[in-house]
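Protein sequence lines correspond, in order, to chains A, B, C and D. FYI, in the numbering used here the residues of the first sequence are 2 to 325. FYI, in the numbering used here the residues of the second sequence are 2 to 325. FYI, in the numbering used here the residues of the third sequence are 2 to 325. FYI, in the numbering used here the residues of the fourth sequence are 2 to 325. Worksheet for the structure shown next.
Number of protein chains: 4
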Amino acid sequence: MSERKFATGTWVFGMVGDRFLLSGYRKGLDVLERIASIAEIEGISGVELLYPADFADGVDRVDEAIEGTGLDCAAVGVDLAGDPRWKFGSLSSKDARIRNEAIELIKNGMDVASSLGTKRVNIWPGQDGYDYAFEVDYSNSWEWFVEGISSAASYRSDVLLCVEYKPREPRIRSLIDTSARALLLCNEVGLGNVGVTVDIGHAIQAGENIAEVIHMLSRARKLFHIHLNDNRGGWDDDMILGSVRLVEFLEMVDALDRVGYDGWLSVDVYPYREDPQKVVAESVSFFAFLDRLLERIGKEAIDQARKGDDPVSIFSTIRKALSV
Amino acid sequence: MSERKFATGTWVFGMVGDRFLLSGYRKGLDVLERIASIAEIEGISGVELLYPADFADGVDRVDEAIEGTGLDCAAVGVDLAGDPRWKFGSLSSKDARIRNEAIELIKNGMDVASSLGTKRVNIWPGQDGYDYAFEVDYSNSWEWFVEGISSAASYRSDVLLCVEYKPREPRIRSLIDTSARALLLCNEVGLGNVGVTVDIGHAIQAGENIAEVIHMLSRARKLFHIHLNDNRGGWDDDMILGSVRLVEFLEMVDALDRVGYDGWLSVDVYPYREDPQKVVAESVSFFAFLDRLLERIGKEAIDQARKGDDPVSIFSTIRKALSV
Amino acid sequence: MSERKFATGTWVFGMVGDRFLLSGYRKGLDVLERIASIAEIEGISGVELLYPADFADGVDRVDEAIEGTGLDCAAVGVDLAGDPRWKFGSLSSKDARIRNEAIELIKNGMDVASSLGTKRVNIWPGQDGYDYAFEVDYSNSWEWFVEGISSAASYRSDVLLCVEYKPREPRIRSLIDTSARALLLCNEVGLGNVGVTVDIGHAIQAGENIAEVIHMLSRARKLFHIHLNDNRGGWDDDMILGSVRLVEFLEMVDALDRVGYDGWLSVDVYPYREDPQKVVAESVSFFAFLDRLLERIGKEAIDQARKGDDPVSIFSTIRKALSV
Amino acid sequence: MSERKFATGTWVFGMVGDRFLLSGYRKGLDVLERIASIAEIEGISGVELLYPADFADGVDRVDEAIEGTGLDCAAVGVDLAGDPRWKFGSLSSKDARIRNEAIELIKNGMDVASSLGTKRVNIWPGQDGYDYAFEVDYSNSWEWFVEGISSAASYRSDVLLCVEYKPREPRIRSLIDTSARALLLCNEVGLGNVGVTVDIGHAIQAGENIAEVIHMLSRARKLFHIHLNDNRGGWDDDMILGSVRLVEFLEMVDALDRVGYDGWLSVDVYPYREDPQKVVAESVSFFAFLDRLLERIGKEAIDQARKGDDPVSIFSTIRKALSV
């Protein structure tokens, strides 16, 4: 197995609200406080930032703060959801001016990312999609989105655009909804620096199997970034990793090893009511537990069981390895 | 069929945000502006208010504003979700002090409702439930909730407590999650002024059949209030009534007629990106269309088809009545 | 914790087909072979039978076969799904003759159960419900079902009727769909020998939390019987216990201990492609693992964490107890 | 709009059973009786057959029967689900012998289709997928499937292979689960005669929007065949078209017109308890109703509303066009 590199996002340390409590469940921290909080979490060596929100006081201040803590910048996310101007879409908006603004924002984010020493820009197009029937022309939406990503990605090939899919929320239906649609996008764009972020909670929400997604994207050399969390199914609850599932996460870790993933594992949780540091730390500890469990089982045992059509024996092996 | 009475909620005219855009998709109106906006919508004769938020400047100002428009107060909702103090529950909180605060708030809301000329207080316990396994003692939660409702309901029997169930959101699992659980609550409380609000989007989210719910609650004399909206399934999207479904809403209207429901039909939508007045007006117009469609079909035709086990013929009748 | 008593059903050893392969995935065994197969599974001490299918050659032959193996009869299920005459419902059929036939079948099943030494008759009303809108009169269906259960239960009070709820399949919507609806049924019937079977896969399919269901039913003294299996969510896949979930099953075992459940734990799986004996044995072994894990964690640790609103610490404790 | 061509499948007239009633809800017809029944349905001009089941007595007898009725053969489906030998997959089986048998069966089916005068062979790989974690090597499965389709498609380029995706059932997770995955398959195979069958119930089950799928596949020239039915969401209930939905089907018809679809519309329903002829006839009549409704609304009105971001106005237009 590769050396794991864990990160978490600054937004985890915000005031976290929901539509019924827009003022938030807690007092949010400013970006410097967030970075300081993240640096205190055992096992975390990277921070994922949000552009432009985290850079309101300039890139330098953030850069210095990160350097001061010894953290790496894992990725910079470009926020295409949190401003009302994107409410009918960003790169797929019907309004050419809005589309151009989104492209420019991504390009700026790419420069910021590069200056912070990371190659990864995360693109989660949360507002691109639709709510009602007859609301958009689906071919136009798709083509505009393809053009926008192509245009931004062509700006500088040394920065990777990591497109994060999600089936729904905040739009009732998202344009880039599944891993397969994200891969179709990458293939149509056809640029080496465009790939996919797998948020494993989004994958579960979409009814996907995470290990299968990892193999599919990796075959296409498009597995660029990973967000970690868990949920109770059907929605992006952004819970502690492992608080609901075990076996399919174990299979995910096996898949990550087999494809040789050596990128960041970025904890993306939403601790409305819990201590954010503890929620992140538990997620990292659970991943480490999965690593140990997988090592105890051994790849050979998995290979052996998988060769036959014998899922019972591999489950038996897992159960025994849990060793209580 | 009874004369329909349509209302809508003041919150529909707020700044409507979500967890990614806490500052809202639009500038919200103050409560007097909201009431004025609601009064302009054709077909709407009632307003549903939220306590305490709508009464920050006193009950009298709101009362005068309503009177000035000729609207009726359809119901007063007591807000047990939009304050961080309820984050681990209100009536079912582990903290007795919080539980008492919730009871007091409901009692005050009952007085406010009465002074505004309505008998209905809506109780949506959005924060009562849990997120993680092992978080609450389920028996305690339930018993505290029963006690709290009993205590509040006993305060004055001339006001009806309408408990609104919902399977999830904002908590990942809600305590009062389905119509059946809500009815169990009513039965255990055993007071005539405790009943149920059916938000039809919540019913759909819970996998329920609305017409069946209406018959079940009505048999028990517990159908106290109704919220109208629609969704794409699996989540409370709060869309325009009829924008997704038709046949099951037609069955709902048939059920309302058969049980003789003569209460309010309160449009509860969340127009993040649309004009709130239009979204409410369309919902009312769609309901009126359902009424006309049902009248054209005729109860006898439905009875006839239902007597046999022949769902094909009733569908055929509906299709023909659509008459295009 | 109580001494666990594990059983499994004879249907697990049938030819198991689906709608695309009605002739089955394997050659089924006759009932005597099924009993013999079940007796060979380590940890299994009971067998759940299906009436009338398993008794085509008489009750005595089955009784002798069970005695010969040393198994106990855990329950007798009355089959209200597997005969076309029930296709529009059994106890809730619009046809009084069908309803009476269903009542008679249950009474006969009660006698058979008693003669086999068990008090439990399982009633899974799989065909009672509906597919299309406007197909049934929901109040009639409910009332006929209540009457049918009352009539059958009154036949002899020394046999327990265990009503097994399920949200859907084979009907698109089931009449007794959730634990709350099943409890409403019990309350309306009002007889001490009518209670509920919790099939935990059905509970998951219904979006329920198993531990919560156990506490709710136990408070009402209606937790009569339990079926064990697992699924990937949204459907009754009838998989090996634990092959998908862990934490919520651990919470289930904690709940069973706290309410003092001492009944049968009957493995109800559908091994279309796997060895039935192994699938049952693994399920039992996984339950034993949960028991050991819970013992290692200790009830005090759970109580302590649950007292505060601290789900993170209990998850941390579980993770550490897994000990790899 | 194109002239519509409606067909239905012979399996609709089988004994239709489910896993609890393997002997079926009715007496099935033999293939000649099925064809005769289909020919009696108003509006149906094509029949979709299943190979090899429908050809047990030779291709000629079937050919003559079709000719005698004046029906066209709309498509021949190759059955890769209904034989236990496919239980661990057909084209993606780990067993090379099985994979080859599947390829040969498809080739034979292609010949049969051609001799019956249709270019369409439907491939629904219902057994290709998995149930448990760690059961298959996802990369292998995918590559074997790609190879199998390539091999079969290369056999004769004058026959179209129409791959029908479905998220689950009978396997708990299907290999070709969504329209996007099906399109990735087509792109990787890279042959002009490999495309996609959209079963609209499968699309709904997968959480897709049908109109969007039609536009996406049509852009790629891969919309080869369509199956019509409806469901209550989350499962492939195979109900009468329109018995649950209206607006999204209207949008589907609009999409079919805009992309110029002129292929078959094949009614694929499962009338467990209803008269198969009536269920098919109602589905066709409902589609005709959608055509008339769309014509009354007019493409210009839709275009106009879609240009702005105004889903409310288009919904209003639809409602008014319903004209009751």
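In this text, a Cβ means the ideal position worked out from N, Cα and C, and glycines have one as well. Source: prediction; values computed, not measured.
Residue burial annotation: residue 275(B) is buried, with at least 16 other C-beta atoms found within 10 angstroms of its C-beta.
In the structure shown, the three-state DSSP call for residue 100(D) is helix.
Short of 7 Å from the beta carbon of residue 247(D), and not among the five residues preceding or following it, lies no beta carbon of its own chain.
With contacts defined as CB atoms closer than 8 Å, residue 95(D) and residue 127(D) fail to qualify as a contacting pair.
Counting along the chain, the unbroken beta strand (DSSP E) around residue 8(D) starts and ends at 6-10.
Between residue 46(A) and residue 150(A), the alpha-carbon positions lie close to 29 Å from each other. For residue 138(B), the closest Cβ of chain A is not nearer than 8 Å. Closest in alpha carbon position to residue 65(D), among 117(D), 240(D), 21(D), 78(D), is 117(D).
Setting aside the 5 residues that flank it on each side, residue 137(C) is surrounded in the same chain by 131, each with a C-beta closer than 6 Å to its C-beta; the list follows chain order.
CA-CA distance, residue 280(A) to residue 204(C), rounds to 28 Å.
For residue 69(A), no beta strand (DSSP E) encloses it; the enclosing alpha helix (DSSP H) starts and ends at 60-70. In the structure shown, the three-state DSSP call for residue 164(A) is strand. According to the DSSP assignment, residue 213(D) belongs to the alpha helix (DSSP H) that extends over 211-220. Going by DSSP, residue 91(D) is part of no beta strand (DSSP E) at all; its letter is neither H nor E. Taking C-alpha positions only, residue 39(C) is separated from residue 124(C) by approximately 22 Å. Classified as buried, residue 108(C) has 16 or more neighbouring CB atoms from the shown chains inside 10 Å of its CB. Here residue 190(A) has 147, 150, 151, 154 as same chain residues with Cβ atoms under 8 Å from its own Cβ, once five neighbours each way along the sequence are excluded. Between residue 275(B) and chain D, the shortest Cβ-Cβ separation is below 8 Å. Non-local C-beta neighbours of residue 235(B) in its own chain, meaning closer than 7 Å and more than five positions away in sequence, comprise 206, ordered along the chain.
A straight line joining the alpha-carbon of residue 54(B) with that of residue 80(B) spans about 8 Å. DSSP places residue 49(C) in the strand class (E or B) of the three-state scheme.
For residue 266(B), the enclosing beta strand (DSSP E) starts and ends at 265-268. A Cβ of chain A is located within less than 8 Å of the beta carbon of residue 248(D). Beta bridge pairing from DSSP links residue 131(B) with 174(B).
Residue 210(B) and residue 245(D) have their C-alpha atoms some 12 Å from each other. Against chain B, the beta carbon of residue 240(A) has neighbours under 9 Å at 132, 133, 173, listed in chain order. Looking at the backbone, the Cα of residue 224(C) and that of residue 187(C) are separated by about 11 Å. Ranked by Cα distance from residue 172(C), the options 91(C), 76(C), 34(C), 316(C) are led by 91(C).
In this structure residue 222(D) is exposed. Its beta-carbon is surrounded by fewer than 16 other beta-carbon atoms within 10 angstroms. Taking 9 Å as the Cβ-Cβ cut-off, the region 199-210 of chain C approaches chain B at 207, 208, 209, 210, given in chain order. Straight-line spacing of the CA atoms in residue 316(B) and residue 302(B) works out to 11 Å.
For the pair of segments examined, the region 247-258 of chain B was found to touch the region 288-308 of chain B: the number of CB pairs separated by less than 8 Å reaches three. Beta-bridge pairing by DSSP links residue 246(B) to 246(D). Residue 49(B) counts as buried, since no fewer than 16 other beta carbons sit within 10 angstroms of its beta carbon.
Using beta-carbon distances, residue 313(B) counts as an interface residue toward chain D, with a partner under 8 Å. By the rule that beta-carbons nearer than 8 Å mark a contact, residue 26(B) touches chain A.
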